[in-house]
Structure formats: structure tokens, C-alpha cells
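Below: the structure, in C-alpha cells.
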Amino acid sequence: MTSEQHLAPLRMPNRLFAELAAGGGSAAAVAFLERAERARRLLLLRTLLGHLDALPTPLTPVAEAWRVLKEAAERSPEPVERLLLAPATGGWISHMLRRVHGTATGPPLWAEAGHLSALALSACVHAGTETALDIPLTGGRLPLPGLGMVQLPDAKAGLTVGRATTAGGELTVTGPRRTTGSVRVTCRPLTRRDDPGTGTWLPLRTLTHAGPDGETPGTVALEDLDPYRDLDDHLPPARLDEDEAREWQRLFGEAARILARPGIPGPGRVDPAMIRAIVPFGRTGVTPPPLPFVQVSASSGDSFGGMLIVRPASALALAETLVHELQHSKLAALLHLFPLLEDDRAERYYAPWRTDPRHLTGLLHGAYAFTGVAGFWRDRLADARSVDAHSVDAQSAEAVERAGYFFALRRLQSRLAVRTLLTSGRLTVQGRALVSGLARTLDGWLREEVPPAARDRARTAAALHRTEWRLRNVAPAPAATPSHLRFRPDRTSWPDTRTHGFATRTTTPRTADEHLAAGDAAAALVRYADVLADAPAEPHALAGWIVARTILEPGRAARRMLARPEELLEPSPRV
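In C-alpha cells, the structure reads:
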């Protein structure tokens with residue numbers, strides 16, 4: 006492994022592109038994307054080393070740290086490859102390139118450049134090679150990528166310079182003490198477990214899952230220590246409590262079992278071995294209890310196979326999120342290989358899963374991710390029907406309804422986004438091939454049977470979201486103006502309560518939304534009208550009133566009202 010090597014051009018086989026274009030991707034397709042990401046990282050790393058070569062630093066120069074890392078790679082290539090391909094490593098490289106170009110901030114540049122020495126130390130521990138490097142310490146902490154973190158007791162606060170040596174898999178770290186003198190810790194990171202007594206060594210946490218043979222366990226990093234585990238900024242460690250770590254393992258194990266499905270890989274089917282790291286976000290303990298669904302999740306094109314997730318209470322919600330975020334990783338890798346579209350970055354497109362207008366790349370990401378999510382719920386519907394065929398309890402029938410609803414909703418929303426992309430006139434040849442593949446998948450799914458009540462709720466929820474989005478975002482157009490969208494200057498984010506609220510049908514509806522979800526548009530219309538009597542332009546109620554009205558009185562006028570609901574509002578100033 007060298008940053009100077011000349012890499013042969015990557016040529017993706019047509020069959021692998023076709024798999025990915027359909028919204029899925031076999032292990033071979035994902036492995037190809039990972040090889041491409043490796044080549045990209047080496048090119049970016051070579052660029053970064055050129056920028057840092059003359060950087061004044063009290064640490065070991067980056068050129069020397071890189072030499073040490075390469076020597077370890079020659080001795081033990083596989084673990085060093087894993088270090089190079091770790092999501093956090095990709096995050097560090099891209100963050101540093103933004104730093105040197107002045108588009109990101111963080112600790113002193115020399116300290117962030119010193120992370121290369123930490124990578125080199127991890128490589129040396131794996132290879133058993135000897136080295137001595139001057140490294141940055143923050144409050145006596147030294148994160149070791151892929152291994153864990155050393156904590157020097159009674160260390161000097163703030164950013165300091167320490168020294169680390171390795172030999173035969175043993176690591177020794179020395180740094181300044183809080184008062185005078187120095188403090189030293191020696192450990193064997195590959196074999197030493199967490200030491201709650203001294204807390205001097207915190208190992209990397211991992212999540213285990215059943216391997217392909219059902220016996221050999223696979224592992225995924227549960228990354229709560231690496232400073233570059235976030236999507237951009239340098240981040241301090243946020244160690245999970247033991248109870249929270251156990252909850253992550255329980256949920257992940259259940260999610261992996263949900264995803265374990267024999268047969269041909271397709272959209273929505275994820276082998277957990279494709280995931281490289283999960284970053285727990287927003288909480289380090291089991292209290293307060295989490296919500297049943299995922300509040301926040303994210304991924305970055307710089308961190309292939311990594312995903313940041315707020316832990317939910319439901320394994321089903323976690324499994325859905327794993328599918329969603331891996332779809333983003335796959336598409337980001339494709340975008341690194343092919344120019345898929347010409348995007349002026351103007352945020353003017355409707356995305357059925359967002360409350361704000363999106364640019365074209367964001368819409369493509371959403372379409373690709375939610376095609377995978379639709380496939381996930383399609384499999385859940387098949388599973389629930391299989392159980393329901395042998396059971397008469399209400400729980401199994403509810404599982405069929407819920408899975409049917411989300412499958413119907415996500416296939417409809419994704420197809421709408423795909424249509425927007427195909428008619429935008431901004432797709433490249435490769436982009437049109439990709440989006441056309443998604444269209445073929447979705448068109449096939451739209452012909453599949455879904456429980457009628459679930460299908461109707463999904464259609465209603467989709468219409469409600471689009472209607473409220475236009476009421477909150479789109480300015481009414483005067484009759485003589487062009488047809489392109491003009492956006493309200495006062496638009497803000499708004500809570501989408503209906504996507505999940507319509508997943509089940511209450512037997513005792515009280516609110517207007519509940520009546521509409523139950524299929525009683527007349528009762529809903531009356532209740533929406535009561536709200537509008539006091540607040541005629543309230544977007545949530547007005548969207549509900551419009552959709553309920555069009556259900557009761559379908560026809561040309563109804564279609565016009567759904568197409569441009571903002572025309573019911575007073576014209577806003579042009580922006």
C-alpha cells in the first residue's frame with residue numbers, strides 16, 4: 006500500500022451496475038464499490054500528504070508517520086487495509102482536506118495531522134513492529150483507530166505532546182502529568198480488555214451478528230471513541246454506559262436476524278457484513294427511554310459503510326435504518342465513479358420524505374434510499390403474511406397492515422421522485438440508466454397486491470404530505486406568471502406527524518387525522534373545518550381539508566386543488 010502507486014482504471018461490470026441500478030446490490034457489487042473507495046482514499050491521501058509535508062509541527066512529521074504505516078502494512082496487510090477502509094479514516098482524510106482549503110475548523114492543524122501517527126501506531130500494534138512517534142494528547146487521551154483509546158491518569162489538561170512506542174504488539178504512551186513530571190501507561194491493545202479499575206485502556210466496542218454460515222460471528226464497530234466518527238467535525242469521545250452498549254447489541258442482533266433472508270440479494274436486503282461501523286449518537290445511557298422509531302440517522306460519502314444513528318427502542322426500526330443508510334453509502338460510492346447528474350444545487354424539488362425543498366442530488370439520494378426502504382417493507386409484508394396465514398391473532402394481522410402501509414407508501418413516494426428525476430433533463434447517460442433501473446423495480450412493485458385499507462391509507466398519507474409541503478413552501482402564483490415554483494420567504498421546518506400516524510388505523514378515532522386514517526373522510530372534513538373556522542390558513546388542517554374534500558368529491562376540480570393547493574391561499578410576495 007503506497008500513496009504513490011499508479012492505480013489501474015476501475016471498470017464496473019455491467020451486471021454489477023444493473024444490480025445497483027435496480028436498488029439492490031450483491032456482495033460482489035458492494036465489494037467493487039469498496040475497492041473503488043479504497044482507490045479514491047489513496048488518491049485523496051496523497052493529495053493531503055502533499056499539503057501537510059511542510060506543516061510546522063511539534064509532532065513526528067507526517068512523512069515519517071506514513072513511512073511507519075507503510076512498513077506495518079507490508080508486514081500485516083489485512084488489518085492495515087481495514088484501518089484504511091474504516092469509515093472514520095475516510096472522515097479524517099476529507100475533514101483534513103477541508104481544513105487545508107479553509108472550509109472546516111477544528112483543533113490546531115498540526116494536532117489533527119497527528120492523527121496519521123495514531124493510525125500508524127494502530128498498524129504497528131497489528132503488525133508487531135517497533136516504532137516511536139511523537140503524538141498529540143487531549144487531556145491525556147490518545148485514540149487508536151480500530152483499537153480503542155489510551156487514557157493517561159492524572160494527565161495535564163488540554164492539548165499536549167506525548168510519545169508512543171510499540172514493540173511486539175505492546176504499546177507504551179508517555180505524556181505530561183497534571184503538576185510536574187510525566188505519566189506512562191503500557192498495554193497490549195489486541196488482547197487487553199476494558200479495565201474499569203484504572204480506566205487507562207478503553208477498547209473499541211463491537212456488535213456481533215451471525216455469519217453467513219449461521220455460526221461464525223461477524224462484527225461491526227460500535228464507534229464511540231474515534232474523533233472522526235462524526236460526519237465532519239472533530240468530536241470528543243462519548244463512551245457508552247455498559248447498559249447502553251448491551252442494548253445496542255441486543256437491538257443489533259435482533260435487527261440482523263430480521264435482515265437475514267435467504268435468496269437473491271435485492272433492494273432492501275442487507276447483509277450486516279456490508280456495514281463497517283455504527284456511530285451511536287445523542288445518548289450514552291439507557292435513560293430516558295428511546296422512541297420506538299429512529300429520530301436521527303445520517304451517513305457521509307466520505308465514510309463508506311459507516312452510519313450515525315440515534316438508538317431506537319425497536320429492532321425493526323433499526324433494521325430499516327441500516328437498509329436506508331447503506332443505500333446512501335452505495336449511491337455515494339457510485340457518484341464517486343460516475344457523473345450521474347448535472348446539479349446546480351438549487352433547492353427547488355419536492356422530496357416526499359422531507360419538509361423542505363431539495364436539490365437534485367439530494368432527491369436522487371432520497372429516491373435510492375427509499376427504494377431500498379420500500380424493498381425492506383416488501384419483505385416484511387411477505388414475512389407477516391406467512392405468519393398471519395398460520396395465526397388468527399390481532400398482532401399478526403396488525404403486522405400485515407403496518408408492513409403493507411409502509412411498502413405502499415414508500416414505493417409510491419419513491420416512484421414520484423424517480424419521475425421527477427427522469428423528467429428533469431439533468432441526468433447523464435449513466436444517471437438515466439441508474440434511475441431507469443429504479444423505475445423498473447418500482448413499477449413492478451406498484452403492481453403487487455397490498456391490503457386495500459393499508460394501500461388507501463398510504464395514498465392518503467402521500468397526498469397529505471405533498472399538499473402540506475406545497476402550502477408551507479410554495480408561494481401562490483399570480484395568473485400571468487411562469488409555472489415554475491416560487492417559494493415562500495417565511496417557510497420553516499414543520500413536524501410530519503402523518504407518515505407514522507397513518508401506519509395503523511385506530512378503532513376509536515377522535516381527531517380529524519384519525520378519522521381520515523380510518524377511512525371516514527366526511528367526519529374528518531367536519532373537524533378540519535372547525536379548525537379552519539378560527540385559522541383559515543393553518544397548513545396542517547387545510548391540507549387535511551383539501552385531501553378529505555377530494556376523496557369525497559373526486560374529479561377535475563379535485564385534481565386541480567391537489568396539484569396546486571397553494572392557490573387557496575392569498576398570494577405572497579414574490580421571492
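To convert, note that position 374 of the sequence shown is 379 in the numbering used here; the numbers rise steadily by one, no gaps.
For every residue, glycine included, the Cβ atom is placed at its ideal position computed from N, Cα and C.
For the pair residue 341 and residue 42, the CB atoms are nearer than the 9 angstroms cut-off. Note that the C-beta distance between residue 225 and residue 281 is below 9 angstroms. Measuring C-alpha to C-alpha distances from residue 181 to each of 169, 537, 161 identifies 161 as the nearest. Residue state for residue 410 is assigned as helix, using DSSP reduced to three classes. Less than 9 angstroms separates the beta-carbon of residue 364 from that of residue 354. DSSP, reduced to helix, strand and coil, places residue 539 within a helical segment of the structure shown. Between residue 405 and residue 390, the C-beta gap is smaller than 9 angstroms, which places the two residues in contact. Nearest in C-alpha terms to residue 120, of all of 62, 273, 437, 517, is 62. Following the DSSP letters along the chain, one finds residue 175 inside the beta strand (DSSP E) bounded by residues 175-181. Residue 79 sits exposed, since fewer than 16 C-beta atoms from the chains shown fall within 10 Å of its C-beta. Burial is judged here by how many other beta carbons sit within 10 angstroms of a residue's own beta carbon; residue 489 has fewer than 16 and is exposed. With the rule of 3 Cβ pairs closer than 8 angstroms, the segment 144-158 counts as touching the segment 205-214. Look at residue 148 here: in three-state DSSP terms it is strand. Taking the Cα of residue 147 as reference, the smallest distance to any Cα among 469, 168, 264 is reached at 168. The residue from 555, 505, 539, 508 with its alpha-carbon nearest to that of residue 527 is 555.
Taken in chain order, the whole beta strand (DSSP E) runs of length 3 or more contained in the segment 301-325 are 311-314. Restricting attention to 445, 470, 344, 457, the CA atom closest to the CA of residue 432 is found in 344. Under the DSSP assignment, residue 103 falls in the alpha helix (DSSP H) whose first and last residues are 92-105. Between the C-alpha atoms of residue 330 and residue 263 there is a straight-line separation of about 16 angstroms. As summarised for the segment 226-296, the continuous alpha helix (DSSP H) elements at least 4 residues long and confined to that stretch are 247-264, given in chain order.
Along the length of the segment 457-541, whole beta strand (DSSP E) runs at least 3 residues long do not occur.
Following the DSSP letters along the chain, one finds residue 167 inside the beta strand (DSSP E) bounded by residues 164-172. Going by DSSP, residue 190 is part of the beta strand (DSSP E) stretching over 187-192. In the three-state DSSP reduction, residue 18 falls in the coil class, being neither helix nor strand. When the beta-carbon positions are compared, residue 142 and residue 165 come within less than 9 angstroms of each other.
Inter-residue distance for residue 459 and residue 520 is about 14 angstroms (C-alpha atoms, whole angstroms). Looking at the backbone, the Cα of residue 237 and that of residue 29 are separated by about 27 angstroms.
Secondary structure note for residue 43: its alpha helix (DSSP H) is the uninterrupted segment 32-57. Between residue 77 and residue 33, the C-beta spacing is not below 9 angstroms.
Under the three-state reduction of DSSP output, residue 113 falls in the coil class, being neither helix nor strand. Proximity of the segment 275-293 to the segment 311-326 meets the contact definition, three or more beta-carbon pairs being nearer than 8 angstroms.
Residue burial annotation: residue 477 is buried, with at least 16 other C-beta atoms found within 10 angstroms of its C-beta. Our two residues, residue 304 and residue 81, have alpha carbons roughly 30 angstroms apart in a direct line. Burial is judged here by how many other beta carbons sit within 10 angstroms of a residue's own beta carbon; residue 55 has fewer than 16 and is exposed.
DSSP places residue 160 within a strand segment (E or B) once states are collapsed to three. Setting aside the 5 residues that flank it on each side, residue 65 is surrounded in the same chain by 122, 138, 139, each with a C-beta closer than 7 angstroms to its C-beta; the list follows chain order.
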